[in-house]
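Quick notes on the structure that follows.
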């Protein structure tokens with residue numbers, strides 16, 4: 008089904024109706040917002056269903072569905088381990104172990120934000136300001152990734168310009184976040200989370216129906232392991248149903264470390280210290296409400312990423328066996344430079360013959376397919392089956408994986424963009440009516456997470472930085488909300504800039520992993536220490552945050568090849584290498600969390616033992632009096 012044909016009057020009307028409902032819920036949040044507490048923690052009276060759905064919808068965004076779903080399309084079912092970590096860490100540990108302590112301490116200290124919770128626990132404006140600055144500086148990276156995911160689908164489904172899609176999505180989310188605060192965000196999250204669950208369940212069932220059932224679909228995926236990219240095989244891929252080859256000291260183990268450290272640990276552990284998630288625990292009034300949200304949160308975490316990763320991997324079966332693209336051949340690029348992969352962070356450009364096809368009959372090429380690779384790249388891009396039809400059209404069957412279909416223009420070159428795999432699969436394989444349902448699912452996923460991120464950005468700037476830097480600090484509370492709204496606007500602009508210029512590769516998954524890992528390394532020791540250990544001190548919290556942040560930043564700047572290459576400093580220092588450890592196998596693909604988090608934990612423990620503990624009166628206020 009051509010992408011552009013997926014949109015008609017019914018689709019537009021239903022989408023507008025959905026946006027009107029979202030707008031109404033945002034207005035209810037605005038009407039119910041009377042105080043700063045209402046705006047920032049929903050008045051601490053959120054319903055357990057609303058809280059659980061808001062938590063899940065905030066956590067699972069287009070980065071999971073589009074970004075990580077696309078990565079599953081490349082690397083396979085090994086990402087299902089992330090589902091386990093999402094449930095274990097994101098629900099059991101977060102809700103059961105951390106949730107009640109966070110709620111109770113937040114209420115006792117009258118904290119409205121995650122940085123304010125840390126600042127009041129450690130009696131330190133410096134802790135609050137530092138936390139707020141880290142959030143304000145780096146949340147735009149994550150928000151930008153989510154914007155890319157949502158904009159990619161709007162671009163694909165509506166055949167809109169990517170920049171226009173980005174602008175539309177940003178403006179819609181900004182409208183109800185700025186007006187309604189956290190109440191508006193959580194009301195809309197509850198609706199959006201419900202839509203997301205329904206959409207993903209239908210997507211999974213429809214995928215298995217198309218592929219002939221569960222057993223046949225997975226069997227076919229296993230059988231086509233030899234279709235994996237040659238470049239991926241060289242770094243350890245063994246097909247889409249097998250875990251990458253594990254080990255240390257050789258390039259063939261790179262993928263194992265990419266999947267294991269960056270995608271699994273970075274996101275799996277990083278969820279515990281996400282500011283926009285932690286604040287949800289402070290929105291319910293009692294332990295009973297929090298416990299009621301656990302089961303619902305677990306189901307949500309199982310369905311959302313589980314379906315996305317499964318469908319992402321299985322899309323290869325559909326593309327290989329079933330897809331046929333028909334349309335008018337507009338033009339041919341005889342020697343197109345296509346960025347196919349990165350070698351130690353350096354772009355690997357392959358030369359291919361590209362077909363530019365008009366499937367929507369509007370005279371413009373809307374589908375770009377690789378017919379075959381040229382020269383040494385022929386093995387990477389198997390030759391497509393091309394046939395001329397009697398009416399002057401062409402029929403093309405690209406004989407490789409879905410990754411070869413996700414081709415977007417990048418300046419004077421072309422780029423394989425894994426973030427397009429899921430949108431393309433839905434537009435090609437699913438019936439027309441499902442395109443609408445999935446559009447709403449993606450809009451819900453993007454808007455729910457973005458609204459929380461933008462709200463967190465605003466509160467970090469207004470409450471945790473601006474207010475604390477002014478004389479009197481807390482005396483400025485009455486003026487917090489207007490500044491929070493200004494912070495939201497600034498954050499949206501920054502995120503949109505990131506989304507516009509960072510598109511391509513698998514940036515959605517990468518940016519998400521970087522942000523989650525940064526939060527774990529910078530915040531987790533101080534957060535856990537503050538919740539569970541009376542001996543944790545203010546200097547220890549500050550030192551661990553600085554060490555965790557600095558170690559993460561230096562690793563990305565100098566060691567992690569993909570990010571270091573983009574920054575370019577190592578190239579200048581080493582005369583052309585992407586990483587200072589480029590000569591040592593596997594290190595350039597190891598995620599910073601494996602180094603930064605242990606250093607941050609060690610710093611917190613050592614400094615706490617070397618410094619004077621807080622006074623018992625303050626600790627009793629935080630934890631309650633000792634029995």
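Residue numbers (my numbering): 8 to 634. The beta-carbon is built from N, C-alpha and C at its ideal position, and this holds for glycine as well.
At the C-beta level, residue 401 and residue 431 stay beyond 8 angstroms of one another. Per DSSP, the beta bridge partners of residue 395 are 401. Between residue 559 and residue 586, the gap from beta carbon to beta carbon reaches 8 angstroms or more. Taking a C-beta distance under 8 angstroms as the contact criterion, residue 71 and residue 312 qualify as a contact pair. Annotation: residue 380 is outside any alpha helix (DSSP H); the continuous beta strand (DSSP E) that includes it extends over 374 to 380.
The Cβ-Cβ distance between residue 179 and residue 437 does not fall below 8 angstroms. In this structure residue 591 is exposed. Its beta-carbon is surrounded by fewer than 16 other beta-carbon atoms within 10 angstroms. In the three-state DSSP reduction, residue 416 falls in the strand class (E or B). Cβ-Cβ separation between residue 345 and residue 359: approximately 5 angstroms, consistent with a contact (criterion under 8 angstroms). Here residue 230 is exposed: its Cβ has fewer than 16 other Cβ atoms, across all protein chains shown, within 10 Å. Collapsing the DSSP output to three states places residue 453 in a helix.
Fewer than three pairs of CB atoms, one per stretch, sit closer than 8 angstroms, so the stretch 445 to 453 makes no contact with the stretch 249 to 264. Take residue 416, set aside five residues on each side of it, and no residue of its chain has a beta-carbon closer than 7 angstroms to its own. From the listed residues 61, 140, 81, the smallest Cα separation to residue 469 is found for 140.
Residue 534 places its beta carbon 8 angstroms or farther from that of residue 277.
Put simply, of 323, 198, 314, 309 the residue whose alpha carbon is nearest the alpha carbon of residue 80 is 323. Pairing residue 476 with residue 494, the inter-Cα distance amounts to about 15 angstroms.
In the three-state DSSP reduction, residue 421 falls in the strand class (E or B).
Membership of residue 568 in the alpha helix (DSSP H) is indicated by the continuous run 568 to 574. According to DSSP, residue 344 shares a beta bridge with 358.
Taking 3 residues as the shortest admissible run, the stretch 531 to 560 contains no complete beta strand (DSSP E) segment at all. Closest by C-alpha distance to residue 490, out of 566, 225, 185, is 185. Membership of residue 121 in the alpha helix (DSSP H) is indicated by the continuous run 121 to 128.
A residue is called buried when at least 16 other Cβ atoms come within 10 angstroms of its Cβ; residue 582 does not meet this threshold and is exposed. Looking at 53, 382, 168, 274, the one whose alpha-carbon comes closest to that of residue 292 is 53. Apart from the 5 residues on each side of it in sequence, residue 204 sits with its Cβ closer than 6 angstroms to the Cβ of 310 in its chain, given in chain order.
In this structure, residue 547 places its C-beta atom within 8 angstroms of the C-beta atom of residue 536.
The continuous alpha helix (DSSP H) containing residue 325 extends over residues 294 to 328. Per DSSP, reduced to three states, the secondary structure at residue 426 is helical. C-alpha of residue 67 to C-alpha of residue 22: approximately 21 angstroms in a straight line. Distance from the CA atom of residue 396 to the CA atom of residue 362, rounded to whole angstroms, is 15 angstroms.
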